[in-house]
Every structure is written in structure tokens, then in C-alpha cells.
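These protein sequence lines are chains A, B and C, in that order. One rule links them: number in the working numbering = place in the first sequence (from 1) + 11. One rule links them: number in the working numbering = place in the second sequence (from 1) + 47. One rule links them: number in the working numbering = place in the third sequence (from 1) + 4. One structure is given below, encoded as C-alpha cells.
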Amino acid sequence: MWPMIETGAWVLSGLFALHMVWDWYKTDTTYSEDVLTSSREGEIEAMVEQHKLNG
Amino acid sequence: MARYIPPKQSKIGQMIDVVVLLILSIGALYIPLWLGLAGSSKLPLPADNPTWESLGQNEVMVERWNALGFADPASAHDMITARFDYSFTWGALALMVVVIVGYFVMMLRLSEKEYREVIAEKFDGK
Amino acid sequence: MMANTDITSKTMDGMGPHGTKVGLLRVLGPAHVWALGVGIVLVGEYMGWNFAVGKGGAYAALIACWFAGILYSCVAMIDSEVTSTVAAAGGQYTQAKHIVGPLMAFNVGLYLVFAYTMLEAGNAITLGYLISVAADMTGATEPLDQRPFIILAIMFLAWLNYRGVLATLTFNLIITAFAFCAILVLFFASAPWSEGSMLAHGELMSGQAALPYGWLGVLAAMHFGLWFYLGIEGTTQAAEEVRSPARALPFGTLAGIMTLLIAATLTWYICVGYLPWEYLGDGVNGAVAPLFSAAQMTGSDALIIILGFGTLFATLASANGCINDASRAWFSMGRDHYLPQWFGAVHPQYRTPYRSIIFLVPIALIFALGAPLDQVITFSILSGLLGYTFMPINVILFRRKWPLDTIKRGYEHPFHPIPAILLIALCSVTYFAVFLGYGTQLIAMVSFYIVVSLWFHFWRYRFVKRADQFTMPWPKPRGY
């Protein structure tokens with residue numbers, strides 16, 4: 012039984028890997044690099060509370 | 048203060064940077080392993096015809112060893128007598144202190160230099 | 005602080021003031037923060053901590069467990085204060101960037117990535133071992149090839165992370181709760197209060213077994229004592245995905261450390277009561293999964309199954325959280341161009357840092373398939389330890405550059421600067437503990453960080469915009 016489970020694990024690993032790589036390729040070719048890397052840090056604070064800049 | 052405009056990095060340049068980081072980080076773990084220098088040097092003390100008594104095991108311990116599948120003292124001998132060697136030289140200890148403290152001092156000084164630039168540009172560079 | 009602002013607003017979701025078109029998704033609550041923190045760490049009770057027994061004996065491991073508990077309480081308090089103001093994916097990396105400086109931030113980012121990726125590798129190794137034991141117990145005739153299971157675990161969890169954070173951490177919440185309950189079940193089933201209990205602390209810890217290395221062993225045990233709690237500081241990585249970070253992060257983190265103090269002490273108590281310390285302390289050839297080994301000693305099939313699944317779930321939850329945290333740290337560094345900006349991408353549908361997630365998969369695999377468990381764990385502990393050394397420096401500078409009246413904190417830690425000083429003292433002890441037995445690893449690792457620091461300062465930093473890194477709406481720091 013275990014040799015079969017081993018093979019199954021290999022196959023499943025391959026499937027997960029393939030799915031990620033396929034989706035990665037699809038995403039990178041569908042959207043422009045500007046949209047994908049547009050995330051910026053610090054959105055929370057700006058929405059929650061603006062500290063006074065006294066510098 | 049003038050705003051600093053960073054150069055654009057090419058795709059190939061980005062890839063080279065990633066490869067450099069990879070080589071460095073994998074090297075840091077594997078070089079000590081390859082050279083056989085990595086720690087965990089636990090060595091068993093050899094003994095002929097060990098008995099449970101000579102290994103310092105009492106009745107309850109023996110019962111547990113048996114339950115773990117070590118039927119006789121010889122099979123458990125290596126595991127029981129293995130000990131780390133904690134002897135060290137003061138030179139080695141000093142080296143460690145110098146490396147760690149030196150690392151933090153260097154990093155904090157270079158960081159401070161970069162940080163002053165950031166603050167100057169952020170708050171005075173309008 | 006957060007009371008009159010609705011940051012769960014649908015229209016604002018994922019939309020930042022700096023032109024963010026696709027941001028991380030803000031969906032998590034305090035329970036998820038707890039699950040992320042405890043989920044990563046709880047595996048430390050199921051494997052790895054027992055190397056501390058090997059380094060100093062059973063009593064030494066308990067002392068190390070409690071001192072490490074103090075160390076982590078300091079970490080949790082300090083971290084909660086800073087995080088309740090600097091809430092961004094990247095956690096301590098973002099803190100360092102705002103408070104200490106870019107090079108420190110780059111180093112902290114790498115500590116995080118390596119601590120978590122190595123922990124992930126350690127989890128996969130344990131999982132492989134567990135499956136091989138299961139194969140033996142069900143009568144497999146040939147020794148099992150562990151590799152496909154190690155690879156499958158990492159691939160599956162990476163895939164889960166790739167597909168979205170909410171499902172990932174909800175999954176974590178369930179399996180972490182199970183693993184925690186499994187420890188309680190084993191404790192009560194062992195019935196330490198009854199006459200017929202199989203726990204034999206007195207006999208197993210007598211004679212040479214009491215303190216086999218003397219007091220030096222107690223010091224040395226601190227090395228793996230950290231393993232009981234390592235990773236709890238990872239809760240901050242979820243900051244951009246939590247609905248109300250200023251409240252949920254301190255709450256989840258502090259609840260997490262309390263859970264772990266209980267779990268760690270119970271684990272120690274159970275395991276040293278069942279197993280001879282020489283076996284328990286050898287996590288490579290002896291007790292790879294100590295709670296599971298303890299369950300095997302009871303001879304009860306039910307307990308073996310419960311603790312087997314407990315171990316399995318703990319490794320999965322931990323690896324899962326590690327992928328989550330390491331990829332956020334890597335992503336944040338990419339976003340700031342500390343690393344190639346290519347890594348700063350967010351998946352437009354799943355809203356996850358998908359390229360970072362994929363990139364870290366092969367690295368975890370290299371170490372999971374190629375290195376022994378104690379080495380991988382030491383690599384992780386050292387990166388964590390360097391990170392804890394950074395925290396006191398961080399909080400002291402934070403209080404100096406922005407005193408309490410200049411920035412509102414969601415949480416203020418008490419008795420400053422005592423926790424910071426205590427933390428630095430405990431870190432120094434731990435460096436010495438690692439030095440005993442694993443000195444070469446320590447030097448190699450720090451040398452690595454020295455080399456990358458120089459690389460960053462003299463080469464990589466030229467690609468980073470200066471003022472843009474400072475994203476918090478804070479006043480100018482004192483003294484600049």
C-alpha cells in the first residue's frame with residue numbers, strides 16, 4: 012500500500028507546483044507590472060489617524 | 048537636500064542580485080556542514096560489555112529503555128554515553144564576542160548614516 | 005485609539021493613500037492573530053525543544069524553558085508596543101526601517117525570512133519522520149522514502165498560502181487548537197495525581213540524570229529553550245491583513261505567549277516523566293517527536309493516534325504560518341527595493357505576495373531535504389536570536405526618538421527600560437549557550453550577516469528611494 016501512497020504524494024506535489032506556476036504565468040502575462048507592484052506600505056495609519064507633522 | 052533618484056535596475060541585474068543572496072545564504076549553512084565543522088559533536092564513550100548498572104540506569108529507566116525497543120545495554124550504550132564537549136578556549140569565546148559585537152556596531156553605524164539621509168530628505172527636502 | 009474610525013470599510017479595503025491599486029486583503033481578527041502566533045510556535049512543543057534536554061538534562065530544560073519564557077514575555081511586550089504604532093506587513097522589518105535605519109531593516113528582514121524558512125524546513129523533516137513511523141506501524145515492509153511527503157507538505161502549504169490568507173489562517177486556527185488540546189489530553193490521560201500513573205519523574209531524574217553537565221548544562225540548554233516559543237513574534241507580519249491592528253495584534257500576541265507558557269510547561273512535565281533523558285534529548289536518533297514518543301510509551305492506541313495527529317497538525321500549522329510570515333517579509337523588502345522590486349507584487353485576485361511565496365519554496369526544500377534537524381533548528385534559532393537582540397535596541401531608540409507624548413500607542417509596555425535590559429541580558433546568555441556545542445554555526449552565521457550587510461550598504465542600497473521608505477505619518481524624530 013505504501014508504495015502507492017508514495018507515488019500519490021509525488022503526483023500531488025507535482026500538481027500543486029504546476030498549478031502555482033501556471034497561475035503565476037497567467038497572472039504575469041495578464042496584468043501589467045505597474046498594477047502588480049503598486050502596493051505601498053503604510054495605508055493603515057493614514058486611514059486611522061494623521062499625526063501632526065511638527066518637524 | 049536634493050532628492051536622491053535611484054537608478055533603474057535591469058531584469059538581469061535583479062536576477063544577479065537574487066543569485067548572489069542565494070549563494071551566500073546557502074553557503075552559510077552548508078559550508079560548516081561540508082567542512083565537518085558544524086557543532087552537535089556528541090560522541091559516545093566506548094565501553095566493553097556494558098551493563099545497565101555500569102551505564103547508571105535504575106530499574107525504571109531500564110524498563111523504559113526496553114519499552115523503547117532497546118532490549119539490551121549494548122544497543123542503548125551509544126545513546127546513553129554520548130556527551131557534548133563543552134570545553135572551550137577563552138580565545139574562541141573572545142572571538143565570538145568580537146564577531147557579534149563588531150557586527151552590531153558596524154551595522155548600527157552604517158544604519159545611522161543611511162537613516163540620517165532618509166530623515167533629512169523626508170522632513171527637510173520639501 | 006481606533007474607536008471612531010472604520011478601517012473595515014469596504015470602499016477603503018486594500019486602497020492606500022500612496023496609489024496602491026492592489027493591496028493585501030484586510031480580513032483577519034484577533035483569533036487569527038493568535039492562530040498565526042501559536043500555530044507557528046506550538047510545533048516547538050512537539051519537536052525540537054528536547055534538544056535542550058540533550059544539552060543539559062531534564063531539569064536544565066525546565067529552567068531554560070522558564071527563562072526563555074521570560075525572554076519571550078519581554079519580546080511580546082516590546083513588540084506589541086512598537087507594532088501597535090507600526091502596523092505594516094513586514095513587522096519588525098518595517099519597525100527597524102522607521103526607528104533604526106535601512107541597513108538594520110535589511111538585516112532584520114533577512115532574520116525573519118531565515119528564521120521562518122528554516123523552521124518550515126524543520127517542520128517538513130518532522131512530518132517526513134512521522135509518516136515513516138506511521139508506515140512502520142501499519143506494517144510496511146520496505147523503509148519509506150520520506151522525500152515525497154516532505155515535498156508534498158511544502159507544496160501544499162505554499163499553494164494554500166498562494167490562494168489567500170483567510171482560508172490559510174482559518175485552517176491554522178482549527179489545526180492549532182487541535183494540537184493544543186492533544187497536549188492537554190495526554191496530560192490528563194497520564195493522570196499525574198493518581199497512584200498508578202506511569203509518570204516516573206523521581207526515578208528518571210535521579211542520580212546521573214539530574215544534572216548530567218552540571219550548571220554549565222543549564223546555560224547550554226538555553227540554546228534550544230528558545231524553541232518552546234520561537235516565532236511568536238511573527239504575529240506582526242499579519243498587520244496589513246488584520247481588521248483592527250492596534251487592538252488585535254497586542255491581544256493576539258499576549259494571549260499567544262500565555263498559551264505557550266502553559267503548553268511548554270505541560271510538555272516538559274509529560275515527556276520527562278515518560279522517557280529517559282538520553283533518549284529524549286537525542287532528537288535525531290531518539291525522540292524526534294517527543295510528545296508522540298511519550299504517547300507511544302503509554303501503550304494506548306487512542307493516545308498514539310491523537311498525539312500522532314497532534315504532531316502532524318502542529319508541523320503543518322507551523323509550516324503554514326512560516327510560509328505566510330517569510331513571504332510577507334520578503335515581499336516587503338521587495339516593495340522597498342531592498343530586494344529586486346519584482347518580489348513586491350501582489351496577486352490581483354488572491355491578494356497575496358505570490359512571487360515571494362513561490363520563490364521561497366525551493367529554498368525551504370533544499371534545507372528540508374539536505375540538512376539534519378538540529379542544524380536546521382540552530383540556523384532558525386540564531387536568526388531569531390539576532391532578531392531579539394535587535395528589539396531592545398529598537399524600543400530604546402523608539403522611546404528616545406518619539407517619547408510617549410509624541411505618538412499615540414495602541415499599547416504601552418510597562419517598566420521601560422527594564423524589559424529591554426532583561427531581554428539583552430538573556431540574549432547574551434543564549435549566545436553563549438549556542439556557542440557551547442554549536443560555536444562554528446554561530447560564527448558562520450554572523451559572518452554571513454556581516455557579508456550581506458556590506459553587500460547591501462555598498463551595492464544594493466543604491467536602488468532604494470530615500471525618503472519614500474519612511475511611510476508612517478509620524479513627526480520628525482527627536483535629535484535629527
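We put the beta carbon where it would ideally sit given N, CA and C, even for glycine. The structure presented is a predicted model; accordingly, all values stated were derived computationally and were not measured.
Contacts that residue i makes with chain A (C-beta to C-beta distance below 7 Å)
| i | result |
| --- | --- |
| PRO152 of chain C | GLU17, ALA20, TRP21, SER24 |
| LEU156 of chain C | ALA20, LEU23, SER24 |
Helix, strand or coil at residue i [DSSP, three-state]
| i | result |
| --- | --- |
| VAL90 of chain C | coil |
| VAL57 of chain C | helix |
| ARG163 of chain B | helix |
| THR22 of chain A | The sequence shown places Val at residue 22 of chain A, rather than the Thr named in the question. Helix. |
| PRO477 of chain C | coil |
| ARG130 of chain B | strand |
| LEU82 of chain B | coil |
| VAL246 of chain C | strand |
| LEU279 of chain C | coil |
| LEU430 of chain C | helix |
| LEU215 of chain C | coil |
| LEU258 of chain C | helix |
| LEU90 of chain B | strand |
| LEU28 of chain C | coil |
| PRO97 of chain B | coil |
| ARG485 of chain C | Since the first residue of chain C shown is 5 and the last is 484, residue 485 of chain C is not available in this structure. |
| HIS30 of chain A | helix |
| ILE463 of chain C | The sequence given here has Trp at residue 463 of chain C, not Ile. TRP463 of chain C: coil per DSSP, three-state reduction. |
| TYR76 of chain C | helix |
Contact with chain C by residue i, beta-carbon distance below 8 Å
| i | result |
| --- | --- |
| TRP35 of chain A | yes |
| PHE131 of chain B | yes |
| PRO54 of chain B | yes |
| TRP112 of chain B | yes |
| VAL66 of chain B | no |
| ILE166 of chain B | yes |
| ALA49 of chain B | no |
Contact list for residue i against chain C, beta-carbon separation under 9 Å
| i | result |
| --- | --- |
| GLY103 of chain B | GLY211, GLN212, ALA213 |
| THR40 of chain A | In chain order: nothing, as chain C lies at least about 12 Å away. |
| PRO91 of chain B | Near PRO91 of chain B there are no residues of chain C at all, since even the closest Cβ is about 10 Å away, more than 9 Å. |
| ILE70 of chain B | Going along chain C, no residue has its Cβ under 9 Å from ILE70 of chain B, so there is no contact; the nearest lies around 11 Å. |
| VAL146 of chain B | LEU446, ILE447, VAL450, SER451, ILE454 |
Cβ of residue i within 8 Å of any chain A Cβ
| i | result |
| --- | --- |
| GLY276 of chain C | Sequence inspection shows Val at residue 276 of chain C; the Gly mentioned does not correspond to that position. Chain A contact via Cβ: absent. |
| TYR358 of chain C | yes |
| HIS22 of chain C | Because HIS22 of chain C carries a pLDDT of 40, less than 50, the predicted location of this residue cannot be relied on, and the following value inherits that uncertainty. Chain A, which has a Cβ nearer than 8 Å to the Cβ of HIS22 of chain C, makes this yes. |
| ASP149 of chain C | yes |
| ARG482 of chain C | no |
| MET301 of chain C | no |
| LEU295 of chain C | no |
| PRO254 of chain C | no |
| ASP17 of chain C | Unreliable placement is indicated for ASP17 of chain C, whose pLDDT of 36 sits below 50; the coordinate value is still reported in the next sentence. Not an interface residue. |
| PHE110 of chain C | no |
| VAL468 of chain C | no |
| GLY312 of chain C | no |
Any chain B beta carbon closer than 8 Å to residue i
| i | result |
| --- | --- |
| HIS341 of chain C | yes |
| ASN289 of chain C | yes |
| LEU164 of chain C | no |
| ARG355 of chain C | no |
| ALA448 of chain C | yes |
| PHE402 of chain C | no |
CB contact check: residue i to chain E, cutoff 8 Å
| i | result |
| --- | --- |
| THR48 of chain A | Within the model displayed, chain E is absent; protein chains A, B and C are what it includes. |
Within chain B, the residues that residue i reaches when beta carbons sit closer than 7 Å
| i | result |
| --- | --- |
| TYR465 of chain C | GLU161 |
| TRP219 of chain C | Those within 7 Å of TRP219 of chain C in chain B number zero; the least Cβ separation is about 11 Å. |
| GLY105 of chain C | SER158, GLU159, GLU161, TYR162 |
| VAL455 of chain C | LEU71 |
| PHE184 of chain C | Within 7 Å Cβ-Cβ: nothing; PHE184 of chain C doesn't reach chain B, min ~26 Å. |
Listed by chain order, chain A residues near residue i by CB distance under 9 Å
| i | result |
| --- | --- |
| GLY27 of chain C | SER49, SER50, ARG51, GLU54 |
Cross-chain neighbours of residue i in chain A, by beta carbon under 8 Å
| i | result |
| --- | --- |
| ILE362 of chain C | MET31, VAL32, TRP35 |
Under 8 Å by beta carbon: chain C residues contacting residue i
| i | result |
| --- | --- |
| SER122 of chain B | Chain C residues near SER122 of chain B: none, gap ~12 Å exceeds 8 Å. |
Every unbroken alpha helix (DSSP H) inside the region 298-344 of chain C [4 residues or more]: 305-339
The region 424-443 of chain C: positions lying closer than 7 Å to chain B by Cβ: TYR435, PHE439, LEU440, GLY441, TYR442, GLY443
The region 216-244 of chain C: positions lying closer than 8 Å to chain A by Cβ: ALA243, GLU244
Those runs of the alpha helix (DSSP H) which lie wholly inside the region 113-171 of chain C and span at least 4 residues: 151-166
Interface residues of the region 195-208 of chain C facing chain B [CB-CB below 8 Å]: ALA204, GLU207, LEU208
Runs of alpha helix (DSSP H) wholly within the region 370-425 of chain C (minimum 4 residues, chain order): 377-405
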